[in-house]
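With full-length UniProt numbering as the guide, the letters of the sequence shown map in order to residues 1 to 200. The beta-carbon is built from N, C-alpha and C at its ideal position, and this holds for glycine as well. Some notes on the structure that comes next.
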Amino acid sequence: MFSVYGPNGRAFHDTLEALYRARSGTQNRSTDEHKRQSETAHRVTPKALDAYRQLIHAQPKDELHHLYEVMSDAFTNLPAEQPAYQALLAIQQSPFNELPVVNAQNCIIGMISYDSVIGHLIETGEALGLLKISTVRDYLSGDVITAEPVTSIRRAAQVMDHYNLETLPVVDNYGTTIGIVTARSIVSAVANDPPLSVWS
């Protein structure tokens, strides 16, 4: 399952096929407002895995590998109201080229990258000093596509390729980022021994 989040919360939540339809110009479906996070919101249960297999019509013999198996939890959420220069420092110290931006309820509302901030400054001709008085919210790159932890690696890779995403945040049912997947982490998982099949 995939979701799309923006400054106003979750605007879409559905399957890969529905995501393609929604992002090609059709209207996104609205969803319930963000709920308070519980400690068990992101735990993967056998029931969740079975429900996911049914959702994507996986055959009993099909071996599936999921994002929770390859995602990294070594990342930092950046508060939307944090000064932009502090965000750039956090990105420089991070192993990722972009990081999730969250609202006051810790729900993801976008992503920010070093390149997008510097690119914005160059494009608008603004001075670097502006980074001390502007906030992370001012440099959001638009809506962000996310995936749930039980999403199959193959379907996540398809979305990342289709939308040219370098980073795919993994979120729980409440929009809280619990992991990050990059193209590099998927390739690494497939290459490791024992190998994961990219087709599963």
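Report task. Under 8 Å Cβ to Cβ from MET111, same chain only, skipping five residues before and after it: list those, please. Result -> Excluding sequence positions up to five before and after MET111, its CB lies within less than 8 Å of the CB of GLU98, LEU99, PRO100, VAL101, LEU140, SER141, VAL144, THR167, PRO169, all in the same chain and listed in chain order.
Query raised in the report: What is the DSSP secondary structure of ALA189, counted as helix, strand or coil?
Result: helix
Query - Collapsed DSSP secondary structure at THR135 in the structure displayed - result: strand
Report task. Work out the CA separation of PHE96 and ASP14 for me, nearest whole Å. Result -> 26 Å
**Report entry** Delimiting residues of the beta strand (DSSP E) encompassing LEU128
**Finding:** Note, LEU128: premise wrong, no beta strand (DSSP E); not H, not E.
**Report entry** Contacting residues, own chain, Cβ-Cβ under 8 Å from VAL117 (five flanking each side not counted)
**Finding:** ALA84, ALA87, LEU88, LEU131, TYR139
**Report entry** Contact set for LEU16: own chain, Cβ-Cβ below 7 Å, skip 5 residues either direction
**Finding:** PHE2, ARG155, GLN158, VAL159
**Report entry** C-alpha distance - THR146 paired with TYR174, whole-angstrom precision
**Finding:** Within the model, the alpha-carbon separation for THR146 versus TYR174 is close to 12 Å.
**Report entry** Secondary structure of ASP161, DSSP reduced to three states
**Finding:** helix
Query raised in the report: If you run the structure through DSSP and keep just helix, strand and coil, what is GLY110?
Result: strand
Query raised in the report: Quick one: what's got a C-beta closer than 8 Å to THR135's C-beta in the same chain, skipping five residues either side?
Result: Contacts found: ALA80, GLU81, GLN82, PRO83, ALA84.
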